[in-house]
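S.K.: After the structure tokens below, expect a handful of questions from me.
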Amino acid sequence: MSGDRRRVAVSLAVVALGLGALAAVGLPAFYESFLYLIFSWIALATSWAILSGYAGYFSFGHGAFFGAGMYTTATLTSGFGVPFLWTLPAAGAVAAALAAGIGAVVFRVKRLRGELFGLLTLAITFVLATIVLNTRIDGGPGVYLSAVPMPRLLASPTGTLYLLGLVLAAATVSAAYAIAHSRLGRGLYAIHDDEDVAEVEGVPTLRYKLVAFTISAGIAGVAGGIHAMYVSYVTVGETFAITVPLYVVLMSVLGGARHWLGPAVGAVIIASSLYAFTGGQHAVLGRAVVALALILVILFLPEGVVPTVLRHWRSRARQPETAVAVRDLAAAVFAPSSVPAEPLVCYDVWKAFGGIQALRGVSLSVAPGEIVGLVGPNGSGKTTLINVISGHDEADRGRVALGSTSLTGRPAHEIAGRGVSRTYQIPRPFGHFTARENVALAATFGAARCSPGEARHEAQGWLEFTGLGSRATALPHELNLHERKFLELARALAARPRVILLDEVLSGLNPAEITSAIGLIRQIHARGVAILFVEHLIRAVLELSHRVVVLNEGEVIASGVPNEVMRDDRVVEVYLGKAHVVA
Amino acid sequence: MPSATLLGQSVVSGLLAGGLYGLLALGLSLSWGLLRLVNLTHFALALLGAYLTYQLGHVLHVPPWLAAAAIVPAFFALGVALHAVFAYFRVAEFASLLVTFGLAVILESMIQWFWTADYRRYETAYATASIRVGPLFVPTLELLACLTAAVLAFATWAWLRWSYVGKALRASAEDPAMAAAFGVNHRAQAFLLSGVSAAYAGIAGVYIALIATLAPSQIWAWLGVVFAVVIIGGLANPIGALLAGFLIGVSESLTMAVVTPAWAPLVSFSILIVILVVRPGRV
Chain A
1 MSGDRRRVAV
11 SLAVVALGLG
21 ALAAVGLPAF
31 YESFLYLIFS
41 WIALATSWAI
51 LSGYAGYFSF
61 GHGAFFGAGM
71 YTTATLTSGF
81 GVPFLWTLPA
91 AGAVAAALAA
101 GIGAVVFRVK
111 RLRGELFGLL
121 TLAITFVLAT
131 IVLNTRIDGG
141 PGVYLSAVPM
151 PRLLASPTGT
161 LYLLGLVLAA
171 ATVSAAYAIA
181 HSRLGRGLYA
191 IHDDEDVAEV
201 EGVPTLRYKL
211 VAFTISAGIA
221 GVAGGIHAMY
231 VSYVTVGETF
241 AITVPLYVVL
251 MSVLGGARHW
261 LGPAVGAVII
271 ASSLYAFTGG
281 QHAVLGRAVV
291 ALALILVILF
301 LPEGVVPTVL
311 RHWRSRARQP
321 ETAVAVRDLA
331 AAVFAPSSVP
341 AEPLVCYDVW
351 KAFGGIQALR
361 GVSLSVAPGE
371 IVGLVGPNGS
381 GKTTLINVIS
391 GHDEADRGRV
401 ALGSTSLTGR
411 PAHEIAGRGV
421 SRTYQIPRPF
431 GHFTARENVA
441 LAATFGAARC
451 SPGEARHEAQ
461 GWLEFTGLGS
471 RATALPHELN
481 LHERKFLELA
491 RALAARPRVI
501 LLDEVLSGLN
511 PAEITSAIGL
521 IRQIHARGVA
531 ILFVEHLIRA
541 VLELSHRVVV
551 LNEGEVIASG
561 VPNEVMRDDR
571 VVEVYLGKAH
581 VVA
Chain B
1001 MPSATLLGQS
1011 VVSGLLAGGL
1021 YGLLALGLSL
1031 SWGLLRLVNL
1041 THFALALLGA
1051 YLTYQLGHVL
1061 HVPPWLAAAA
1071 IVPAFFALGV
1081 ALHAVFAYFR
1091 VAEFASLLVT
1101 FGLAVILESM
1111 IQWFWTADYR
1121 RYETAYATAS
1131 IRVGPLFVPT
1141 LELLACLTAA
1151 VLAFATWAWL
1161 RWSYVGKALR
1171 ASAEDPAMAA
1181 AFGVNHRAQA
1191 FLLSGVSAAY
1201 AGIAGVYIAL
1211 IATLAPSQIW
1221 AWLGVVFAVV
1231 IIGGLANPIG
1241 ALLAGFLIGV
1251 SESLTMAVVT
1261 PAWAPLVSFS
1271 ILIVILVVRP
1281 GRV
């Protein structure tokens, strides 16, 4: 891994220095301008992908941030006489602040879907353009920068722009690489695949989206600042045209928006083919060719050029998968042991969905090291209770606490961080992550807080524990139901929780698989984890639970030692009907 | 503050412009809401329809109603063919946005290639005709466009609400697998709907040719406003699209009359942003 990283860093540095040296030697101005444009597109497309490619929130508002940067530089240089280079940080800051403000509102919108975010950001671009056009920032005729002195970084003005573009492009690609391999990157990829699950696994989704959006916009702002000097005459019509957001999307999708290098490759391909067609009727033809290329890529290479080529190349090379050292988890300690073991308590929890009252004042507790079985007919509110405890849904009334810390009203990722983890009845692995990466994410963001490097070993350990050791590099869609159920379990364990909420882990398994799963739950319990498990399979409930709680229509109707509870008249009535109650 | 007559006139012209927005939004709203395809090609088709009407009328002297009689069925077929491509490649919601964007650019380039980027104006005898209502002038053609939009919106609404095909389409949009299990042939109906939606683009195109000055880049001029109309109206809600068209049209023309024309985009997009943030469930 680290060898890989060094190789990438060295090759990036060599390419950047080589191009820099080229400028110092002196290129014809034509090539400098041409290459500057390519660098500018690389920076724009790559920065766009930091939010939109990694986390999957496609923004059509990149033009707004680019434009904000352009007008910041234009205003500061021509209106206030600030030297050009000094305006670049300001251009980035203005764009970043704009994104932070927009994100703070927009990302709080519940169920914000991809297309909705795209259209919102597009609408914001139009609004910003209207404001700029009608206020003193532009006022209509545009802003001239021809009188602004160009700093002499290199002999010629085009050389200076070339160098600035190169530095920005190199910095952006490096940032994209660093983010893709960091905690932030793992979190963003998880958001892309399943945002709800990412939050429950401990990813601070709101903050990550905001950070990614701000970084992405900030870079676009700087690119805009430089570009203002390049065009030297800034107008609203050109700046906020549909071109920037759309080309940026095309470039990233063409190259592969989820890969750090994809947008840069797409930018080089599209920007050079556009350049080849400049002038007159050729420009029309060029646009049509680029559009056709886009259609073909979406239809035939939906992942983009870079990921497709890499996969092809890897499967050719057939490098043996480097064995990952398995962390010995025999002595794995769950939950920060420095914290005294505390019970999970629900007190008078109410939850309604529209007119349906799913929970009516449920109170229960799970003591440290206890196994509590939660049973009840379909629709009795078991899964809702788990959703409320894990923070996926917020209770209308009542309190959930882990010992003295209240969990009520906390975002799901904080609850996960405090050592509560869960599984889903229908497994919800991250679709683009391998089995090991799925588990590693939980180890990174859950109570375990591993570094991304450690998380791999930790994850491999939990895969071995659940019998999935040989499936580590499989993608979720290659796993069968039984394996996916166990992957859910491995993922919940990798967070090293104090309390684990199991939602029907046994449903859909055959008798032999059930027996092995019960054995696994025993082993988990032996490590000192408290377990609240929802189950329909009464055999497992009786075998495992210390205590059983029965829910019916959102209320606790019985609780106590398994054998006694199962003989309770009301429980028998709820399950089998009145006729079966022994008089 | 402008006079009452000026305000009244701007409400009238806003309503008329809004009718055209509603007409353009109708097909888009149907394919987005019922087929989950965000069809940017719709705008390009409308403009293509406008250029064809122009070509037939201005060069070949075919009257507009005859041009419409040729364009509408041809566009229906085009819509069906387009959907065949989407269905073959199983284009999903987001990918459809990118693919249809590409198609729109190709159509724009073709239009520019054939008709050049110069402005084109289809001069007809009735272009300047108008009805006088008290102190207000109502241009006949725009009124006709607006009435067509209203008739189509109500007809489409009734079709979706009461016909078997309409119910089947709505059921498939809700849960395709379940609808299929109950015997709904979604594929056939999707072809029908795409054809209808493209035919609507053709109708809008004929009116655009008669009312507006044409330029290839107009494809993008409509984009923002019509999307705002579609979302405010609610997906797959024909009457909603019409009313939202009126709302946006009137608010734009009032802004033009009371403040200045340049601020008009701010109003429609602010309405859109507020609606998206406050009621995201509409889409």
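First to last, the sequence lines map onto chains A and B.
Going by the numbering used here, the residue at position 27 of the first sequence is 27; the numbering climbs one at a time, nothing skipped.
So the numbering used here is basically just the index in the second sequence, starting at one, shifted up by 1000.
A virtual CB, placed ideally from N, CA and C, is assigned to each residue, including glycine.
Of all the options B:Val1012, B:Val1226, B:Ser1003 and B:Leu1097, which has the alpha carbon lying nearest to the alpha carbon of Ala1046 of chain B?
M.R.: Nearest of B:Val1012, B:Val1226, B:Ser1003 and B:Leu1097 to Ala1046 of chain B, Cα basis: B:Val1226.
S.K.: If you measure beta-carbon to beta-carbon, which residues of the stretch 126-159 of chain A are closer than 9 Å to chain B?
M.R.: If the cut-off is 9 Å between Cβ atoms, the stretch 126-159 of chain A has Phe126, Val127, Ala129, Thr130, Ile131, Leu133, Asn134 and Gly140 near chain B.
S.K.: Which residue comes first and which comes last in the alpha helix (DSSP H) that contains Asp568 of chain A?
M.R.: Note, Asp568 of chain A: premise wrong, no alpha helix (DSSP H); not H, not E.
S.K.: Which bits of chain E does Pro302 of chain A rub up against, with CB to CB less than 8 Å?
M.R.: Among the protein chains of the structure shown, namely A and B, there is no chain E.
S.K.: Could you pull the start and end residues of the beta strand (DSSP E) that Asp348 of chain A belongs to?
M.R.: From DSSP, the beta strand (DSSP E) with Asp348 of chain A extends over Leu344 to Phe353.
S.K.: If we ignore side chains and look at the alpha-carbon of each, how far apart do Phe1182 of chain B and Asp1175 of chain B end up?
M.R.: When rounded, the distance between both Cα atoms is 11 Å.
S.K.: Between Ile1106 of chain B and Ala291 of chain A, how many whole angstroms is the CB-CB distance? I'm expecting something under 8 Å.
M.R.: 5 Å between Cβ atoms; contact.
S.K.: What is the DSSP secondary structure of Gln425 of chain A, reduced to helix, strand or coil?
M.R.: Reduced to three states, the DSSP call for Gln425 of chain A is coil.
S.K.: Quick one: grab the DSSP three-state call for Gly26 of chain A.
M.R.: Three-state DSSP puts Gly26 of chain A in coil, outside helix and strand.
S.K.: How long is the line joining the alpha carbons of Thr1116 of chain B and Pro1216 of chain B, rounded to whole angstroms?
M.R.: Going from the Cα of Thr1116 of chain B to the Cα of Pro1216 of chain B covers about 8 Å.
S.K.: Please list the residues of the stretch 38-60 of chain A that have a C-beta atom closer than 8 Å to any C-beta atom in chain B, keeping them in chain order.
M.R.: Result list: Phe58.
S.K.: Put Arg399 of chain A into one of helix, strand or coil per three-state DSSP.
M.R.: DSSP places Arg399 of chain A in strand when its eight states are reduced to three.
S.K.: Could you give the distance in angstroms between the alpha-carbon of Arg258 of chain A and the alpha-carbon of Leu12 of chain A?
M.R.: C-alpha separation (whole angstroms): 19 Å.
S.K.: Grouping DSSP H, G and I as helix and E and B as strand, with all else coil, what is Phe65 of chain A?
M.R.: Three-state result, Phe65 of chain A: helix.
S.K.: Here's the rule: buried if 16 or more other CB atoms are within 10 angstroms of the residue's CB, otherwise exposed. What is Leu1066 of chain B?
M.R.: Burial call: exposed.
S.K.: What residues from the stretch 192-215 of chain A come within 7 Å of chain B, judged by C-beta to C-beta, listed N to C?
M.R.: Hits within the stretch: zero.
S.K.: Could you tell me whether any Cβ in chain B is nearer than 8 Å to the Cβ of Ser337 of chain A?
M.R.: Residue confidence is low: Ser337 of chain A scores 47 on pLDDT, short of 50, so the model does not pin down where it sits. Its coordinate-derived value is still stated next. Cβ-Cβ to chain B under 8 Å: no for Ser337 of chain A.
S.K.: Can you tell me whether Ser156 of chain A is helix, strand or coil according to DSSP?
M.R.: Residue state, collapsed to three classes: coil.
S.K.: So Gln1218 of chain B contacts chain A; which residues on that side make the cut at Cβ distance below 9 Å?
M.R.: Result: empty, since nearest Cβ-Cβ is about 12 Å, beyond 9 Å.
S.K.: In its own chain, which residues sit with a C-beta less than 6 Å from the C-beta of Ala1264 of chain B, not counting the 5 before and 5 after it?
M.R.: Only Glu1252, Thr1255 and Met1256 meet the Cβ criterion.
S.K.: Taking only beta-carbon atoms, is Leu274 of chain A less than 8 Å away from chain B?
M.R.: Leu274 of chain A does not count as touching chain B.
S.K.: Determine the burial state of Phe1043 of chain B: buried for a count of at least 16 other Cβ atoms within 10 Å of its Cβ, exposed for fewer.
M.R.: Counting Cβ neighbours within 10 Å, Phe1043 of chain B comes out buried, since at least 16 surround it.
S.K.: Assuming Leu128 of chain A and Phe240 of chain A are in contact, meaning their beta carbons sit under 8 Å apart, how far apart are those beta carbons, in whole angstroms?
M.R.: Going by Cβ atoms, the distance from Leu128 of chain A to Phe240 of chain A rounds to 7 Å, so yes, they are a contact pair.
S.K.: Gly26 of chain A and Ala155 of chain A: beta carbons closer than 8 Å?
M.R.: Yes. Within cutoff.
S.K.: I'd like the list of long-range same chain contacts for Gly142 of chain A, defined as Cβ closer than 7 Å, with 5 residues on each side in sequence excluded.
M.R.: Answer for Gly142 of chain A: Tyr233, Val234 and Thr235, listed in chain order.
S.K.: So, under 8 Å CB-CB, Thr77 of chain A and Val148 of chain A are touching, yes? Tell me the CB distance rounded to an integer number of Å.
M.R.: So it is a contact: roughly 4 Å between Cβ atoms.
S.K.: Got a sec: is the Cβ-Cβ distance from Trp1263 of chain B to anything in chain A below 8 Å?
M.R.: Taking Cβ atoms only, chain A reaches closer than 8 Å to Trp1263 of chain B, which makes this a yes.
S.K.: If we call anything under 8 Å between Cβ atoms a contact, is Thr1041 of chain B one with Leu1098 of chain B?
M.R.: Against a cut-off of 8 Å, the Cβ pair of Leu1098 of chain B and Thr1041 of chain B comes out as no contact.
S.K.: What distance in whole Å lies between the Cβ atoms of Ile500 of chain A and Ser559 of chain A, which are believed to be in contact at a cut-off of 8 Å?
M.R.: Rounded, the Cβ-Cβ distance is 20 Å, inconsistent with contact.
S.K.: How big is the Cα-Cα spacing for Arg539 of chain A and Asp193 of chain A?
M.R.: So the two alpha carbons sit approximately 35 Å from each other.
S.K.: Does the beta-carbon distance from Ser254 of chain A to Ile270 of chain A come in below 8 Å?
M.R.: According to the sequence shown, residue 254 of chain A is Leu rather than Ser. Taking 8 Å as the Cβ cut-off, Leu254 of chain A and Ile270 of chain A qualify as a contacting pair.
S.K.: Check whether chain B comes within 8 Å of Val565 of chain A, counting only Cβ atoms and requiring the distance to be less than that.
M.R.: No, because no Cβ of chain B sits closer than 8 Å to the Cβ of Val565 of chain A.
S.K.: Nearest by alpha-carbon distance to Gly1033 of chain B: which of B:Phe1089, B:Glu1093 and B:Pro1073 is it?
M.R.: With distances taken between Cα atoms, Gly1033 of chain B lies closest to B:Glu1093.
S.K.: What separation, rounded to the nearest whole angstrom, lies between the Cα atoms of Ala1198 of chain B and Ser1096 of chain B?
M.R.: Taking the straight line joining both Cα atoms gives about 15 Å.
S.K.: What residues in the stretch 1225-1249 of chain B have a beta carbon less than 8 Å from any beta carbon of chain A?
M.R.: The residues in question are Phe1227, Ala1228 and Ile1231.
S.K.: By how many angstroms is the C-alpha of Val529 of chain A removed from the C-alpha of Asn552 of chain A?
M.R.: When rounded, the distance between both Cα atoms is 27 Å.
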